[in-house]
Amino acid sequence: MTETASRLAAPPTPLAPLASVASVAPAPGARRFRCELGYLLSGLPLGLAAFTVAVTGAALGVSTLVVWVGLPILAATLRAARALADRERRRVAAVTGRPLPPYRPRPSGTGGTGALRAVRDPQSWRDLAHPVLAFPLQVVTFSVALTWTLGGIGELLYATWSWSLPRGEDNQGLAELVFGTSSRAVDIGFNTAIGVVLLATAAPVVRALTTAQTRLATTLLTDRAA
Numbered sequence: 001m002t003e004t005a006s007r008l009a010a011p012p013t014p015l016a017p018l019a020s021v022a023s024v025a026p027a028p029g030a031r032r033f034r035c036e037l038g039y040l041l042s043g044l045p046l047g048l049a050a051f052t053v054a055v056t057g058a059a060l061g062v063s064t065l066v067v068w069v070g071l072p073i074l075a076a077t078l079r080a081a082r083a084l085a086d087r088e089r090r091r092v093a094a095v096t097g098r099p100l101p102p103y104r105p106r107p108s109g110t111g112g113t114g115a116l117r118a119v120r121d122p123q124s125w126r127d128l129a130h131p132v133l134a135f136p137l138q139v140v141t142f143s144v145a146l147t148w149t150l151g152g153i154g155e156l157l158y159a160t161w162s163w164s165l166p167r168g169e170d171n172q173g174l175a176e177l178v179f180g181t182s183s184r185a186v187d188i189g190f191n192t193a194i195g196v197v198l199l200a201t202a203a204p205v206v207r208a209l210t211t212a213q214t215r216l217a218t219t220l221l222t223d224r225a226a
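Using the numbering used here, the letters of the sequence shown map in sequence onto residues 1 to 226.
Here you go:
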């Protein structure tokens, strides 16, 4: 009875662990957001380079295939697409924390035999198709992610730089167009509220864009025969 009474009289302890968890919990989410945002923003320059290599090499190889010059060009393009696909697999694994499903090793070889094997490998063609199909998506995800985050920061700090905007009858702000008032307080409050909304929704928006991009990579860069 004495031991039971002392336990009941003792102060509850779960609050301390909860406090420590609460102080640590936001960090993984912040790191994940930075990782996903970096993945999206770096995707456009990398995607542009991959798109250029894939389209130029494939067009040159296919157009000269009738004279057999195109075969080594096409094989070299497919090998380059393989290296680009390996880089994208690593990027997807880094941003999602999960490696892509394994795929069978590509056949190797040199000369005409190696070129034919590279051309006949179905996964090589999916590797080549990825930068072509992913580039339009990368343009969209880059633009939306950059506009959403920087636009949110700019709108949140609207009160600090709105003084530099031209004022006059021909220069109407967003708040004036929406509410029909030229009040500076309304203008600042409205734009600041937009910034709050954009930043509050930035994490799920960036996550949705990342999911769309990584799903396309998973679909094309995973060997279905594995």
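Beta carbons: idealized from backbone N, C-alpha and C, even for Gly. Since the model is a prediction, treat every value here as computed from it, not as a measurement.
Cutting at 7 Å between CB atoms, please list the residues of its own chain near T214, excluding the five before and the five after it. One-based indexing of the sequence shown puts residue 214 at position 214. These residues qualify, in order along the chain: V92, V95, T96.
Got a sec? Which residues, its chain only, sit under 6 Å from S23 by beta carbon, not counting five neighbours each side? The residue given as residue 23 occupies position 23 in the sequence shown. In this predicted model, S23 has a pLDDT of only 36, less than 50, meaning its place in the structure is not dependable; the value taken from the coordinates is given anyway. There are no such residues.
With distance defined between alpha-carbon atoms, name the residue in V196, A217, A58, S164 nearest to W148. Looking up residue 148 in the sequence shown gives position 148. That would be V196, whose Cα lies nearest to the Cα of W148.
Cβ shell of A203 (< 6 Å), same chain only, five flanking positions each side left out: Taking the sequence shown and counting its residues from 1, the one referred to as residue 203 is at position 203. F33.
Under DSSP, the alpha helix (DSSP H) around V140 begins and ends at which residues? Within the sequence shown, residue 140 is the residue found at index 140, counting from 1. First-last of the alpha helix (DSSP H) with V140: 122-156.
Write down the C-beta distance between G57 and Q138 rounded to the nearest angstrom, noting that I regard them as a contact closer than 8 Å. Within the sequence shown, residue 57 is the residue found at index 57, counting from 1. Within the sequence shown, residue 138 is the residue found at index 138, counting from 1. G57 to Q138, Cβ: 19 Å. No contact.
Beta carbon of L41 nearer than 8 Å to that of L146: Within the sequence shown, numbered from 1, the residue matching residue 41 stands at position 41. Within the sequence shown, numbered from 1, the residue matching residue 146 stands at position 146. It is a contact, given that the beta carbons lie within the stated cut-off.
What separation, rounded to the nearest whole angstrom, lies between the Cα atoms of P131 and Y158? By 1-based counting over the sequence shown, the position of residue 131 is 131. By 1-based counting over the sequence shown, the position of residue 158 is 158. Going by the C-alpha atoms only, they are around 38 Å apart.
Taking only the alpha-carbon atoms, compute the straight-line gap between P72 and G61 and give it to the nearest angstrom. As a first step, residue 72 must be located in the sequence shown, where it is residue number 72. As a first step, residue 61 must be located in the sequence shown, where it is residue number 61. Their backbone Cα atoms lie some 8 Å apart in a straight line.
Are the CB atoms of T222 and L48 nearer to each other than 8 Å? Stepping through the sequence shown from its first residue, residue 222 is reached at position 222. Stepping through the sequence shown from its first residue, residue 48 is reached at position 48. No, the Cβ-Cβ distance between T222 and L48 is not below 8 Å.
On the three-state DSSP scale, how would you describe P99? Looking up residue 99 in the sequence shown gives position 99. Correct three-state label for P99: coil.
From which residue to which residue does the alpha helix (DSSP H) around L209 run? Taking the first residue of the sequence shown as position 1, residue 209 is located at position 209. Start and end: 202-220.
Under a Cβ-count criterion, where at least 16 other Cβ atoms within 10 Å of its own Cβ denotes burial, should L37 be classed as buried or exposed? The count along the sequence shown starts at 1 and reaches residue 37 at position 37. Burial call: buried.
Taking just the CA atoms, how far does T218 sit from A25? Residue mapping note: residue 25 aligns to position 25 of the sequence shown, counting from 1. Residue mapping note: residue 218 aligns to position 218 of the sequence shown, counting from 1. Note that A25 has pLDDT 38, beneath the 50 cutoff, so the model's placement of it is unreliable and the number below is only indicative. Cα to Cα, the separation comes out at about 29 Å.
So the alpha helix (DSSP H) S63 belongs to, where does it begin and stop? On the sequence shown, residue 63 is found 63 positions in, with the first residue counted as 1. 26-63 is the extent of the alpha helix (DSSP H) around S63.
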